[in-house]
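Protein chains in written order, with our numbering: chain A, 4 to 447; chain B, 4 to 447. Ideal Cβ positions, reconstructed from N, Cα and C, are used throughout, including at glycine.
1) Can you find a C-beta in chain A that's less than 8 Å from the C-beta of residue 108 (chain B)?
2) What is the DSSP secondary structure of residue 25 (chain A), counted as helix, strand or coil?
3) Specify the secondary structure class of residue 232 (chain A) as computed by DSSP and reduced to three states.
4) Return the CA-CA distance between residue 107 (chain B) and residue 361 (chain B), expressed in angstroms with no decimal places.
5) Please list the residues of the segment 296 to 326 of chain A that have a C-beta atom closer than 8 Å to any C-beta atom in chain B, keeping them in chain order.
6) Measure the beta-carbon distance from residue 222 (chain B) to residue 22 (chain A) and round it to whole angstroms, keeping in mind my assumption that it falls under 8 Å.
7) Judging by CA-CA distance, which residue of B:95, B:126, B:83, B:199 is the nearest neighbour of residue 12 (chain B)?
8) Using the beta-carbon count (16 or more within 10 Å), is residue 396 (chain B) buried or exposed?
9) List the DSSP bridge partners of residue 418 (chain A).
10) Is it true that the CB of residue 95 (chain B) sits closer than 8 Å to the CB of residue 56 (chain B)?
11) When the distance is taken between beta carbons, is residue 230 (chain B) closer than 8 Å to residue 186 (chain B)?
12) Determine, for residue 73 (chain A), whether the minimum Cβ-Cβ distance to residues of chain B falls below 8 Å.
13) Spell out whether any CB of chain B is found under 8 Å from the CB atom of residue 121 (chain A).
14) Rounded to whole angstroms, how far is the Cβ of residue 105 (chain A) from the Cβ of residue 58 (chain A), which I believe are closer than 8 Å?
15) Mind listing which residues of the segment 250 to 282 of chain A have their C-beta closer than 7 Å to chain B's C-betas, in chain order?
16) Measure the alpha-carbon distance for residue 311 (chain A) versus residue 154 (chain A) and round it to whole angstroms.
17) Suppose the cutoff is 6 Å on Cβ atoms and the five residues either side in sequence are ignored; what does the same chain contact list for residue 317 (chain A) look like?
18) What is the DSSP secondary structure of residue 9 (chain B), counted as helix, strand or coil?
19) At a Cβ threshold of 8 Å, is residue 18 (chain B) touching chain A?
20) Kindly indicate if chain B contains any beta-carbon less than 8 Å away from that of residue 243 (chain A).
21) Tell me, which residues are paired with residue 355 (chain B) by DSSP?
22) Could you tell me which of B:354, B:438, B:124, B:48 sits nearest to residue 143 (chain B), measuring between CA atoms?
23) Residues of chain A with CB closer than 7 Å to the CB of residue 88 (chain B), please, in chain order.
24) Beta-carbon of residue 3 (chain A) versus every beta-carbon of chain B: anything under 8 Å?
25) So the candidates are A:261, A:329, A:282; which of them puts its Cα closest to the Cα of residue 348 (chain A)?
26) So, is residue 204 (chain A) buried or exposed, given that buried needs 16 or more other C-beta atoms within 10 angstroms?
27) Could you run through the segment 359 to 393 of chain A and flag, in chain order, every residue whose CB is less than 7 Å away from some CB of chain B?
28) Can you tell me whether residue 325 (chain B) is buried or exposed? The criterion is at least 16 other CB atoms within 10 Å of its CB, across all chains shown.
29) By DSSP, does residue 432 (chain A) sit in helix, in strand, or in coil?
30) Quick one: which unbroken beta strand (DSSP E) runs of 3-plus residues sit fully inside the segment 101 to 126 of chain B? Chain order, please.
31) Nearest CA to the CA of residue 224 (chain B): which residue from A:7, A:445, A:19, A:430?
32) Does the distance from the CB of residue 87 (chain A) to the CB of residue 401 (chain A) come in under 8 Å?
33) Is there a Cβ of chain A sitting closer than 8 Å to that of residue 14 (chain B), yes or no?
34) In the DSSP output, which residue or residues are listed as bridge partners for residue 399 (chain A)?
35) Quick check: the Cα distance between residue 399 (chain B) and residue 117 (chain A), rounded to an integer number of angstroms?
36) Can you tell me whether residue 153 (chain A) is helix, strand or coil according to DSSP?
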C-alpha cells in the first residue's frame, strides 16, 4: 500500500476554483505556504514530518481516465476545466524544512511556487499529509524525551484512524526516535524494525498458560517474549521461570516478558525479583497498556525496572491534541504579496524564510521569520527540494532523517524539553515583514 | 482508492501467533467478539459503523506473492507458516449489528467464528476499521442531534489522519446523518453528495473581492456561493448585493454566502439583514470554522440565521475522544468459553447476543447481554452477515444505512439525546452469562 495519490482526494472547492482560474486565464505563479498558526496547549515545539509523501504526491500528480470520466458525468465542470485536468502535471518549485526539523508557530515549513491552479489544487492533500505526520512526530518526540533513552515501540495501528494513519504513524514515530513498530507493513514499505510477540487470546486459546508459553517459544525460538497478565501476572512470571530450564535444553533463551495491565511499576518490581531469583536476569521486561509521555516520565522517575515500552493509542492518535491549527495560505500571486485578514486568522504575506540563532551552548536561542529577499542572521531553515516538478535530491533514508531529528531534540533548550509548556520559544517577526503586512493592508 | 486490503497491515504478533497455531495444529473454531469496554466521557451512546469495509476485507483476504516473499526473507517465519499464509482465505462466519445501530459498552457489535489462525490474523484491521468509523459516526451523530435539522457538511479531509481517514470519515458522517461532504473521492467511491465553493486564496488571488465573486459565479453559475470573510465580512456582503443584479442578467442566482471566522451569530444577523435589504432573501448563509456540536447547539439556541453548517476537524478527528476503548477478544475456542481477567480489562466469556427492550413510546428502554444459547426478550441486535467467507446479502446502499441510523437516533430516550452524559443507559448482564463467567474462572 502506497499513500493515496489520487487527485480526487481533495475538497470540491479546489476543483471549482481551478475551473474559474482556467476560465479567467489566471495561470500566473502563486506562492502558498504551509504553517501552524499556534501550538496545541500541550506542545512546546513541533517536529516537521511528511515532506517525502508530499513530494511523492506532487511527482505523481495526474487525473486518471476513470476519474476524469466521473468528473465529467457530474455535470459540474466545463470542457476547458476537464481538458486542463486531463493534462495536469505538477511543474512547480518546492522549498521546505527537512523532516525532523523542530519548528514553531508562524514559521512556514513548506512553500509551493507554481501556476495558480496547480498550487491551489494540491492544498488539501498537502495539508492532510503534513498535518498528520507532523502531529505524530511532535507527539512521539515527547515520549522520546520522557522515555529516559529506553526503546519505545509503536503499538498503535489498531486505533489509528484507518490504514494510512497506521502506516504513516509508524513512519513518523520512528523518525522522531521510536525504535520500531508492530505494524508489519511499515517494515515492508519503510524498512522500519518490527516488533511483536503474543496476545491474550494466545494464552486463552490454550487450556494451560505454561503450555501456551512453551508453544510460542517453540514457534519463535529467537523471540521468546511472553505476555504474562492474562490471569495473574506474578503467577505467570513463576510459570516462565519454571519453563526456562526446559527451553534452555532446546537452546531457547527467555528474552522478555510483557506487562499490559494493572500498576506497571509494582508488577515490574515483583516480576523482576521473580525473574532474577529464577535465574533469568537477562530476561527483560516490556510494558504496554495505555502508555503516554506522562506515564513514561512517572515510570522512569520511579525507577521501575522496565526495559522498553510500547506506546499505542495516545501517540498514534495524538490523543491530547488530535490536529494542528495549520494552514496552507496564498502569500503571493503574480508577484503581488497578499494576506488574509479574517478575524483571528490573519497571516503574514509574501514568501518567507526562517532563520535560527543558537546560544553559546549550541542550543536553539530564537528564530526570525522574514521575507526571502530580506537579509537574515542564523541558519536558514527552508531549502529548495523540488524544481519544475522534480525532486532535487533522491529521497533521503529514513534512518538519516531519524538522526537529524535526534540532533534537533538534543539542541532543544531545557525549557522546551519539559512536558509542561510554560516557556514559549522566542519567535521574531522581522521589521521588513511587519512593514510588508502594513503595506499589503493599505492596498486592499 | 479502495480501503487497504493487504494482510500485512497488521501487528507482527498476529503472524507470530499464526505460526505457533499452525505448528501446533490449533485449527479449531475460535469465536472473537468486538466490543467497547466503556464510553468516552462525552458520549451517551455509540453508533456502529464500518461493517461493510470489514466484510470487504474478509472477502478479499489473501497474501500477495510479493508480500509472501518479503515475509520469507525476514527469516522470522517457518515454511509451514508461509505455506499456510500462501493459501489463506477467510472461511469463517460473521454476526454483526447493522451499521447505524446505536449500541453501548460490553455489547458485541461483531462476532467472528473461524479457524483460530484466521480469526486471529484479522484482528488488527477489524479493530482499525470498526474503531474509526464507529468513532466518527458516534461523534457526527452528536452534531446531527444538536444541529436542529439543518444540513451539516463534512469539511474535515485536510486534518483527517491520512487519506483513508478522510474518505471513511465522509462515509461515517453521512451514515450518521450529515448531508454530504467536501471530499470529492467520497462522491466517486460512495455516491455521497459533495459540496464546495471557494477558499480565501481565491479572493486573495484577485485584486478586487467583487471581481473574485463575479469570476466564481461565471465559472459555477449553479453554485454561486461566496466566501465573504477574507477581509471584512459585512463589506463583502454589500459587494455581493451590488453584484447580484449583474449576475441576475446572466441568469445566475446568488445561492449563498459562507462565513468562516469571528462571531458567527453576530455576522450572520448582520449579513442576513444586508442580504434581505439587498433583495436577496433567497440567498442562504452557510457557516464554517472550528464548529462542533456545542457550537451548533449554541448557534441554534440563539436562533442565528444560519441555514447550514460545515463541520470539519472536531468531527473528523473526534477531537474530544479520538479513540474508543475497544477490544476484539477470544470468547471461545474449540467449544470452550474463555475470558481474560487482566486487571481492569476482564471480559464476558462465550458467544453473546444483545436484546433491546423498548418503552411504551417506542424509545429504547434497556439492553440485555446474554449468551446466544440463553433465551432473551426484546429485539436481538446481532444478525448473521457472512457464512463461510461469503456475504449473505449484497452490500446495502449507504442511503439505506443512513435511514436506519436516523430511525435509531429518533428512538433514543431524551436523556441520551443531550450532549451532556448524565444518564447512563441501562445495560444488563444476564444471570446465565454471569454464571458462565464464574464457571470459566473456576476452570483456569
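Taking the structure as given:
1) In the second chain, residue 108 (chain B) corresponds to position 105, counting from 1. So, not an interface residue.
2) The residue given as residue 25 (chain A) occupies position 22 in the first chain. Helix.
3) Walking along the first chain from the start, residue 232 (chain A) turns up at place 229. For residue 232 (chain A), the secondary structure class from DSSP, reduced to helix, strand or coil, is coil.
4) Translated into positions along the second chain, residue 107 (chain B) becomes position 104. Translated into positions along the second chain, residue 361 (chain B) becomes position 358. About 15 Å.
5) Residues of the segment 296 to 326 of chain A whose Cβ lies closer than 8 Å to any Cβ of chain B, in chain order: 316, 320, 321, 322, 325, 326.
6) Taking the first residue of the second chain as 1, we reach residue 222 (chain B) at position 219. Taking the first residue of the first chain as 1, we reach residue 22 (chain A) at position 19. Indeed they touch by this definition, with Cβ atoms about 5 Å apart.
7) The count along the second chain starts at 1 and reaches residue 12 (chain B) at position 9. Nearest option by C-alpha distance: B:126.
8) In the second chain, counting from the first residue as 1, residue 396 (chain B) sits at position 393. Residue 396 (chain B) comes out exposed.
9) Position 415 of the first chain, counted from the start, is the residue given in the question as residue 418 (chain A). Residue 418 (chain A) is not bridged to any residue.
10) Along the second chain, read from residue 1 onward, the residue named residue 56 (chain B) stands at position 53. Along the second chain, read from residue 1 onward, the residue named residue 95 (chain B) stands at position 92. No, Cβ-Cβ distance for residue 56 (chain B) and residue 95 (chain B) is not below 8 Å.
11) As a first step, residue 186 (chain B) is located in the second chain; it is residue number 183 there, counting from the start. As a first step, residue 230 (chain B) is located in the second chain; it is residue number 227 there, counting from the start. No, Cβ-Cβ distance for residue 186 (chain B) and residue 230 (chain B) is not below 8 Å.
12) Taking the first chain and counting its residues from 1, the one referred to as residue 73 (chain A) is at position 70. Answer yes: the Cβ-Cβ gap between residue 73 (chain A) and chain B drops below 8 Å somewhere.
13) Taking the first chain and counting its residues from 1, one reaches residue 121 (chain A) at position 118. Cβ-Cβ to chain B under 8 Å: no for residue 121 (chain A).
14) Along the first chain, read from residue 1 onward, the residue named residue 105 (chain A) stands at position 102. Along the first chain, read from residue 1 onward, the residue named residue 58 (chain A) stands at position 55. So it is not a contact: roughly 21 Å between Cβ atoms.
15) Contact annotation: in the segment 250 to 282 of chain A, residues whose CB is within less than 7 Å of a CB in chain B are 263, 264, 265.
16) Residue mapping note: residue 311 (chain A) aligns to position 308 of the first chain, counting from 1. Residue mapping note: residue 154 (chain A) aligns to position 151 of the first chain, counting from 1. Spanning the two alpha carbons is a distance of roughly 5 Å.
17) Mapped onto the first chain, residue 317 (chain A) falls at position 314. Closer than 6 Å at the Cβ level, and outside the excluded window around residue 317 (chain A), lie 295.
18) Taking the second chain and counting its residues from 1, one reaches residue 9 (chain B) at position 6. Coil.
19) Taking the second chain and counting its residues from 1, one reaches residue 18 (chain B) at position 15. Yes, its Cβ sits closer than 8 Å to a Cβ of chain A.
20) Here residue 243 (chain A) is taken as the residue at index 240 of the first chain, counted from 1. At a cut-off of 8 Å between C-beta atoms, residue 243 (chain A) does not count as an interface residue with respect to chain B.
21) Numbered from its first residue, the second chain carries residue 355 (chain B) at position 352. B:374.
22) Here residue 143 (chain B) refers to the residue found at position 140 of the second chain. Measuring C-alpha to C-alpha distances from residue 143 (chain B) to each of B:354, B:438, B:124, B:48 identifies B:48 as the nearest.
23) Here the question's residue 88 (chain B) lines up with position 85 in the second chain. Ordered by position in chain A, no residue passes the 7 Å Cβ test against residue 88 (chain B), which lies about 11 Å from the chain.
24) Given that chain A is displayed from residue 4 to residue 447, the structure contains no residue 3 (chain A) and the question cannot be resolved.
25) Numbered from its first residue, the first chain carries residue 348 (chain A) at position 345. It is A:329.
26) Translated into positions along the first chain, residue 204 (chain A) becomes position 201. Buried, because 16 or more other Cβ atoms sit within 10 Å of the Cβ of residue 204 (chain A).
27) none
28) Along the second chain, one-based indexing puts residue 325 (chain B) at 322. Around the beta carbon of residue 325 (chain B), 16 or more other beta carbons sit within 10 angstroms, so the residue counts as buried.
29) Against the first chain, residue 432 (chain A) aligns to sequence position 429. Residue state for residue 432 (chain A) is assigned as strand, using DSSP reduced to three classes.
30) Here the runs fully enclosed are 113 to 118.
31) As a position in the second chain, residue 224 (chain B) is number 221, starting the count at 1. Comparing Cα positions, the closest option is A:19.
32) For this step, residue 87 (chain A) is matched to residue 84 along the first chain. For this step, residue 401 (chain A) is matched to residue 398 along the first chain. The answer is no: Cβ separation not under 8 Å.
33) Numbered from 1 along the second chain, position 11 holds the residue referred to as residue 14 (chain B). Residue-level contact by beta carbon holds for residue 14 (chain B) and chain A, with a gap shorter than 8 Å.
34) Within the first chain, residue 399 (chain A) is the residue found at index 396, counting from 1. Answer is none; residue 399 (chain A) lacks a bridge partner.
35) The residue given as residue 399 (chain B) occupies position 396 in the second chain. The residue given as residue 117 (chain A) occupies position 114 in the first chain. C-alpha separation (whole angstroms): 44 Å.
36) Here residue 153 (chain A) corresponds to residue number 150 of the first chain, with the count starting at 1. Coil, per DSSP.
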